[in-house]
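Counted from 1, the sequence shown has number 1214 at position 76 by the working numbering; the numbering is strictly sequential.
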Amino acid sequence: MLLKNQDMKLTVKHYYSFGKRAKEVGDNLISENSWDVVRIDDENLNTPFSIPPKREDWIKKCISNERMLKRAEDINKFIKRKNFKKIISFGAGACFMEYNLKHQNSDIVLECSDFNPKGVLRLKEIFTEATISMFDMLHGEWKNEKGVLYLFHRIDTDFSDAEWKYIFKKMYEAGIDNILFVPCNIDTYRSLFKIQLSKWYQIIIKKNKLSFAGYLRTKDAFRSLFLNFYNLSEELNINDLTGFFLTIKK
C-alpha cells in the first residue's frame, strides 16, 4: 500500500537557502528581480546558478559540469534519433546544458529564452552560438514551428500546477507538436517528507533564511499537468534525470 501511495499525485512547495544572497533574493525566488540576483556574478559571489561576465569563464563553468555534459549527450542522441534540426529551450537560465548541446552537435539550430532581463542580456553577450531572447512562458504568445523540438530542461519548479496546465493549454492551442519535458526531479511521498524535515531543520536549527523556490512533484502530479493536451509518447533517461517526450493530441 505504501508503494502505491508513493505514485499518487502530490505537489508541495519548495524552499531554499541562498546563503549570502538570501537577503537580495528575498522571500520568493520566482520573480524577474530575484532570478537576476542569482544569475548575475559580481567579483565576490560566484554561485552555482550564476552567469560569469566573461565568455571564457562561462564556458569553463559549462564544460566542468559533468551532469550537464551527460544530459546534453542524451538529449542529442534523442534529437538525432527523432531527426530534429532546431531546438528552442525555454527557461534556459545560465545555459550550461544548452552550451554543451550546441557544442556537441553544431548542426542544430538553437534558440534559448528566459524571462529575467539581466540574465538574458548577459547570455546575449557570451553565448554567441545561439539566439537568445526574452520570453514569459505564462504571458507570452506561443507560436508553432513545425519540426521543432520545444525543450523544458529543469524549469518545472517555476510554475504551479494551474500555471503549467495553462501553459500546456496555450501550447496546444498554438498547435505545438513536440515537447521534451525534463523535470528537476521526480519525487515520491518519502522523498518529499524528507525534504520537509530538512526545511524545518534549516529554519529551526541552522537559523537560515529560506526563499520560496517553486514546486516539487510526484510522477502522477507531472502527468496531470499535460495529459489533457499531450500524449506521453516516450519516457527516457537524460543522464541523472527523466525526460517526457510529449506529442500533441489529435
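A virtual CB, placed ideally from N, CA and C, is assigned to each residue, including glycine.
Report the residue from the options whose alpha carbon sits nearest the alpha carbon of residue i.
i	options	result
F1216	G1381, K1387, P1255 and N1346	G1381
F1350	D1195, D1296 and I1264	D1296
Y1237	K1218, E1194 and F1253	E1194
I1226	L1287, H1277, W1302 and L1363	L1287
I1333	D1315, N1316 and R1355	R1355
I1386	L1318, D1358, S1188 and T1326	L1318
C1250	C1233, P1186, K1256 and S1244	C1233
Y1327	D1358, Q1340, E1373 and L1379	D1358
Verify whether the separation of the beta carbon atoms of residue i and residue j is less than 8 Å.
i	j	result
Y1153	K1344	no
M1235	M1272	no
M1275	F1228	yes
L1261	L1248	no
F1222	G1285	yes
K1151	Y1353	yes
I1201	K1224	no
D1294	C1322	yes
K1303	I1178	no
Q1340	L1330	no
Go to residue i, then tell me how far its beta strand (DSSP E) extends in each direction, as first and last residue.
i	result
D1252	V1247 to D1252
K1224	K1224 to F1228
F1350	S1349 to R1355
Would you grab the beta carbon distance between residue i and residue j for me? Rounded to a whole angstrom, and I think it's under 8 Å.
i	j	result
F1383	S1371	5 Å
A1312	K1281	6 Å
V1320	F1290	6 Å
I1376	D1212	5 Å
A1210	Q1242	6 Å
M1346	S1155	A small correction: the amino acid at residue 1346 is Asn; Met does not occupy that position in the sequence shown. Rounded, the Cβ-Cβ distance is 4 Å, consistent with contact.
Looking at the structure shown, is residue i part of a helix, part of a strand, or coil, going by DSSP?
i	result
E1372	strand
N1275	The residue you asked about is not Asn; residue 1275 is Met in the sequence shown. Reduced to three states, the DSSP call for M1275 is coil.
K1344	coil
N1316	strand
I1386	strand
T1295	helix
D1212	helix
G1381	strand
G1157	helix
I1270	strand
F1187	coil
L1289	strand
Following the continuous alpha helix (DSSP H) through residue i, name the residue where it begins and the one where it ends.
i	result
K1147	No alpha helix (DSSP H) holds K1147; DSSP gives it neither H nor E.
N1238	F1234 to Q1242
L1335	Y1327 to W1338
I1324	Run containing I1324: none; DSSP gives neither H nor E here.
G1164	That residue, G1164, is in no alpha helix (DSSP H); it is neither H nor E in DSSP.
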